[in-house]
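Here's the structure we're looking at; comments come further down.
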Amino acid sequence: MSWLGRLFARKRMEMELDKELHFHIEAQVADKVRGGVPESEARRLTRIEFGGIDQLKEDCRESRGTMGLESTLQDIRYGLRQLRRSPSFALLGIVSLALGIGANTAIFSLLNAILLRPLPVQSPGELLLFGDGRAVGSTEAVPNGSWRLFSDAFFQDFRQKDTSFSGVAAVDSTDFTVKASVTGSAYQTTHVNLVSGSYFSVLGVPAFLGRTIEESDDSTPGAGPVAVASYSWFQRHFNGNPSALGRVIRIESHDYTLVGVAKPGFYGVTVGQPADLFVPLSMEKAFSRPGWNGIGDKFFQSLYLIGRLKPGVTAAQASAETNLLFKQIMRSYLGPQPSQKHLADLAHASVELTPGGRGVSPLRYAFSLPLKILMTIVALVLLIACANIANMLLARGVARSHEIGMRMALGASRRRIIVQLLTESAVLALLGAATGIALAWKAGAMLLHMATPGPDPVPLNVSPDLRVLGFTLGVTVLTAILFGTLPAFRAADRAFTPALKDGRGSSPSTVRGALARSLIVGQVALSVLLLVVAGLFVHSLIHLADVDTGFDEHNALVFTLDSSTANLAHGPDEVRSVGLEEQIEGRVRAIPGVQSDSFAFVVFHDGGWSDQVLFQGIPRTPANGQDVSFNIVGNGFFSAMGIPLIAGRTFNSEDRRNSPKVAVINQTMARRFFPNRSPIGQRFAIGETPDHPADIEVIGVVKDARYFTLNEGRMMEAYFPCTQNPGFLSNFVVRYAPNANPQEIISPVRHAIAAINPNILVDNVSSLEEQVDRTLARQSLIAQLSAFFAALAVLLACVGIYGLLSYSVARRTGELGIRLALGAPMSRLLWTVLRESLILLALGLAIGLPVALTFTRILKSLLYELSPLDPVSIAIATGAIAVMTLAAAWFPARRATRINPSQALRAE
Amino acid sequence: MKTEDRFDLPQGTLDLLIMRVVALGPIHGYAIAQRIQQMSREALQVQQGSLYPALHRLEYKKLLTASWQASDTGREAKFYELTARGRDHLKAETENWKRLIGLVGLILKGTAEGIS
Chain G
1 MSWLGRLFAR KRMEMELDKE LHFHIEAQVA DKVRGGVPES EARRLTRIEF GGIDQLKEDC
61 RESRGTMGLE STLQDIRYGL RQLRRSPSFA LLGIVSLALG IGANTAIFSL LNAILLRPLP
121 VQSPGELLLF GDGRAVGSTE AVPNGSWRLF SDAFFQDFRQ KDTSFSGVAA VDSTDFTVKA
181 SVTGSAYQTT HVNLVSGSYF SVLGVPAFLG RTIEESDDST PGAGPVAVAS YSWFQRHFNG
241 NPSALGRVIR IESHDYTLVG VAKPGFYGVT VGQPADLFVP LSMEKAFSRP GWNGIGDKFF
301 QSLYLIGRLK PGVTAAQASA ETNLLFKQIM RSYLGPQPSQ KHLADLAHAS VELTPGGRGV
361 SPLRYAFSLP LKILMTIVAL VLLIACANIA NMLLARGVAR SHEIGMRMAL GASRRRIIVQ
421 LLTESAVLAL LGAATGIALA WKAGAMLLHM ATPGPDPVPL NVSPDLRVLG FTLGVTVLTA
481 ILFGTLPAFR AADRAFTPAL KDGRGSSPST VRGALARSLI VGQVALSVLL LVVAGLFVHS
541 LIHLADVDTG FDEHNALVFT LDSSTANLAH GPDEVRSVGL EEQIEGRVRA IPGVQSDSFA
601 FVVFHDGGWS DQVLFQGIPR TPANGQDVSF NIVGNGFFSA MGIPLIAGRT FNSEDRRNSP
661 KVAVINQTMA RRFFPNRSPI GQRFAIGETP DHPADIEVIG VVKDARYFTL NEGRMMEAYF
721 PCTQNPGFLS NFVVRYAPNA NPQEIISPVR HAIAAINPNI LVDNVSSLEE QVDRTLARQS
781 LIAQLSAFFA ALAVLLACVG IYGLLSYSVA RRTGELGIRL ALGAPMSRLL WTVLRESLIL
841 LALGLAIGLP VALTFTRILK SLLYELSPLD PVSIAIATGA IAVMTLAAAW FPARRATRIN
901 PSQALRAE
Chain Y
909 MKTEDRFDLP QGTLDLLIMR VVALGPIHGY AIAQRIQQMS REALQVQQGS LYPALHRLEY
969 KKLLTASWQA SDTGREAKFY ELTARGRDHL KAETENWKRL IGLVGLILKG TAEGIS
């Protein structure tokens, strides 16, 4: 009979065992009767000789080998029954575990999606990324320092020479967000990746349908007007219909033939920025932006390179060869007589090869440290929850010592009792975990939305996968062991002797007390740590929210426009875009309630464009040698943004394409170049060593305004008029009167734009305030979550203290009653109980505060203008835990003073 | 010198005795206990507490097989029989046992006098 069969035949086996033993007894009785003993006496003797029949049965079951599973099932049923019998304990336990395990699962699923999960490519471990992937966009600088972006020329030259890689793939670092139309249907927002012909073969991503992009598509500029779709884009647009192959997709006035669909689950190498379509790099010109030299330029560096190591080549060998080739090739690009500065730059340049199997992700750099800190925080919360449950189990162990003693007397072994108690803990932990996973399922997506708010959610799959479920299971088992082991051993040991003699276990209670007290001290210490951390994050967030942006973020709307389907002219005719912009600005200004409006290259936190500048006759200094951030704006920009003019004038209708080139600069730039005089009328040129005359004249100075983020330092900034830098700008700022309703402004603005050119689409509208708040998302996520978890930790610790003191008051009822009867004043009794909690609090603080002060240093990079030893946060944390501890102790203490002496003595 | 007329079985010998008794033909648990007692001239008394777990263990190891049959009193009882594997096992274990007591005897020879 199979082992499983036995299990199902259990009922039958039990019956047969009964029958067999019964036969034995009857036969023995019959023998005795035959020997002349009266039947009743024979029965009595037999029963005595036979001994404990239940123990015998248990031994028989055990010798049959199905015991493990049978007894586990039995223990689980027993455990569930125990939990049903004390619903408040069960509820408290399950809720605290669900919160603890759920929080761990939710944070881990984010961590997994952002930091751990490998790309769905072939052998991801063999892939190496050139550089660390922390740059996006393009640069024309001569490499210096650790290099991240590469030119197409370098890519081609490198792969002809290198011997370490079986192949190198290239992909443009920019995620091109464009409007695409499938065979004449409506234009839809589409994310395009420009990839090399080697991209799919090097990554080892096969086509699901048709073919992938091949070398022949990428051989010469314009050679491959083809596109490969991601599987989900293909499903969205064609419902999996293979006839999609060969269809024409129109992107920015170019047509591409759909030649294939990539394998399901592959969205390119940028985590959190899934691509819809892959287009060969040979089509780069069609995606060109104003001011781009494009991939024909040897120093137009915009590509991520990913190499696949040849078998047997180590990363160190590959790195040595790559760096050697990198310098050789870049040196050859500098021409026969490079400048000393370029040579020095190149001498400092290097390429760091980093593991590429997990792809590149802007999210990863922003959230790596915060996620690790949050992971630690939730692990500590779970630890506190475990301590609480361990404490409750210890108390229950005392209460159940009678029951356990009984079971041991009936023949259960010590091992059996411990296993059974651990199973009960595991049942509790599993119930908590199941609830926790349900919580985490929703929380993961919610956290992601909190982390990256905005009109489009980051398309990142955070639903728990096998790795997450494995993690949760591991955590659950660990928790059950953590909170279950000590109480189980203690219960089994205690039950051995005195339990049956009198109902109260007496001797081990002091040991239990010491253990329970150290658990409480640990909880207080951890709570203090979490409170200090939360306090620091919240305080830092308050600092950030108070930062003066330099512009007026109230009463302004930012429209994001898309002109890709409007067929606007590029090149010499681009100036027509300026006309279009001026038309829109004029018409919108006429809308009632609108005060001012302007197009802008960037508004705030949109990325940017920067370079060095040089003024005529001003020597280069370390301060003025830093990059200046540039912006291209309309005439109304400074009033629309509310940036005050300090000196000179802003742009006006006199500043035309052919009039002298002008710029408005900010105070920091003015101060760094002209510490002692006015910059108005001075001229500068763009570039580190401009080879053209300094022809841009400063006409005005404005107040500093934040450009990228709220916590950036002082930055130099220069504004250029859009008339002199033509090209259609995608940001449009509208300032409305303080008493106007923004909702009543939005739709007339949309209509105005549509009336002027129906092909200019409004992608998104948000208030300037929202745009600023969005940049605080990471900080506010950390502050909110750490505050929430710290509150949870304190709450759990208070439940623990309350439980411990209630229990100790209940146990000491007799003693307290006698002292009351002998005339001890109420205040003395109150103090006796409170003193206990004060000692625990003091010990907890004595351990927790030094630990907190040591570890908050790790947080330094996440705090804005705040020392990790911020006294306010530490004081508030200490105060909060002290108040909460005393509040938790107050109720049991009060109960102690209300003991009725006569009742207490009678109870004894 | 005093000898006990009853004594406890050395570890592991109970299985051997049970198999020896069962080897004589199908037999139920109570009769096994009786038979061991008789064959040892009342010197060995097998406790039910060890007999039944041992029977179930041997059955689980497929050295014994069991079936329900009518006993002499007419009641149904669980009769045990040796399997082929049990027969081989019994043979090997008996050989081992004999060798063991031979060796132990060899060593202990003459010591009884020496001690007293």
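Chains as they are written, first to last, in my numbering: chain G, 1 to 908; chain Y, 909 to 1024.
Think of the CB as a built atom: it goes at the ideal place given N, C-alpha and C, for glycine as much as any other residue.
- Two segments are said to touch when three or more pairs of C-beta atoms, one from each, lie closer than 8 Å; by this definition the segment 607-619 of chain G does not touch the segment 554-569 of chain G.
- Per DSSP, the unbroken beta strand (DSSP E) holding ASN764 of chain G starts and ends at 761-767.
- Taken in chain order, the complete beta strand (DSSP E) segments of 3 or more residues contained in the segment 301-385 of chain G are 301-309 and 353-355.
- Look at the segment 552-590 of chain G and you find these whole runs of beta strand (DSSP E), each 3 residues long or longer: 556-562.
- In terms of Cα proximity to GLY197 of chain G, the closest of G:PHE208, G:ALA170, G:ALA186 and G:GLY184 is G:ALA170.
- Close to GLY51 of chain G, with beta-carbon spacing below 8 Å, are these residues of chain Y in chain order: GLN955, GLN956 and GLY957.
- DSSP places TRP609 of chain G within a strand segment (E or B) once states are collapsed to three.
- For ASP59 of chain G, the residues of chain Y that pass the 8 Å Cβ criterion are GLY957, TYR960 and PRO961, in the order they occur in the chain.
- Per DSSP, the beta bridge partners of PHE150 of chain G are G:LEU303.
- Put simply, the CB of LYS986 of chain Y is near chain G, with a gap under 8 Å to one of its CB atoms.
- Secondary structure at PHE158 of chain G: helix, using DSSP grouped into helix, strand and coil.
- In the structure shown, ILE782 of chain G adopts helical secondary structure according to DSSP, grouped into three states.
- For ILE665 of chain G, the enclosing beta strand (DSSP E) begins and ends at 662-666.
- The segment 577-585 of chain G and the segment 614-625 of chain G do not touch, with fewer than three beta-carbon pairs separated by less than 8 Å.
- Contact annotation: VAL33 of chain G and GLU26 of chain G have beta-carbon atoms that are not nearer than 8 Å.
- In terms of beta-carbon proximity, GLN28 of chain G lines the interface with chain Y, with at least one pair separated by less than 8 Å.
- In the structure shown, VAL205 of chain G falls within a coil segment according to DSSP collapsed to helix, strand and coil.
- Looking only at G:SER659, G:VAL664 and G:LEU645, the smallest Cα-Cα distance to VAL633 of chain G is reached by G:VAL664.
- Of the residues G:PRO280, G:VAL178, G:SER319 and G:ALA103, the one whose Cα lies closest to the Cα of TRP147 of chain G is G:SER319.
- By the C-beta criterion, the segment 697-704 of chain G is judged not to be in contact with the segment 721-734 of chain G, since fewer than 3 inter-stretch pairs fall below 8 Å.
- Under the three-state reduction of DSSP, LEU119 of chain G is assigned to coil, being neither helix nor strand.
- Secondary structure of LEU277 of chain G (DSSP, three-state): strand.
- LEU110 of chain G is not a Cβ neighbour of VAL475 of chain G, given a cutoff of 8 Å.
- Residue range 10-34 is occupied by the alpha helix (DSSP H) that includes ASP31 of chain G.
- Taking every protein chain shown into account, the CB of LEU91 of chain G has fewer than 16 other CB atoms within 10 angstroms, so this residue is exposed.
- Its chain contains VAL794 and CYS798 as the residues whose beta carbon lies nearer than 7 Å to that of MET884 of chain G, once the 5 sequence neighbours on both sides are disregarded; these appear in chain order.
- Assignment of ASN731 of chain G by DSSP, reduced to helix, strand and coil, places it in the strand class.
- Taking 8 Å as the cut-off, the beta carbon of SER873 of chain G is found no closer than this to the beta carbon of LEU380 of chain G.
- For LYS442 of chain G, the enclosing alpha helix (DSSP H) begins and ends at 414-451.
- Put simply, of G:ALA545, G:ILE782, G:ILE746 and G:GLY265 the residue whose alpha carbon is nearest the alpha carbon of PRO206 of chain G is G:GLY265.
- Contiguous alpha helix (DSSP H) elements confined to the segment 927-964 of chain Y occur at 937-947, taking only those with 4 or more residues.
- Against chain Y, the CB of GLU14 of chain G has no partner CB under 8 Å away; the residue lies outside that interface.
- Take LEU99 of chain G, set aside five residues on each side of it, and the residues of its chain with a beta-carbon closer than 8 Å to its own are VAL381, ALA385, GLY436, LEU439 and LEU792, in chain order.
- For the segment 206-256 of chain G, the continuous alpha helix (DSSP H) assignments of 4+ residues that do not extend past its boundaries occur at 231-238, in sequence order.
- LEU781 of chain G is classed as buried because its beta carbon has at least 16 other beta carbons within 10 Å across all chains shown.
- Around the C-beta of TRP233 of chain G, 16 or more other C-beta atoms lie within 10 Å, and the residue is accordingly described as buried.
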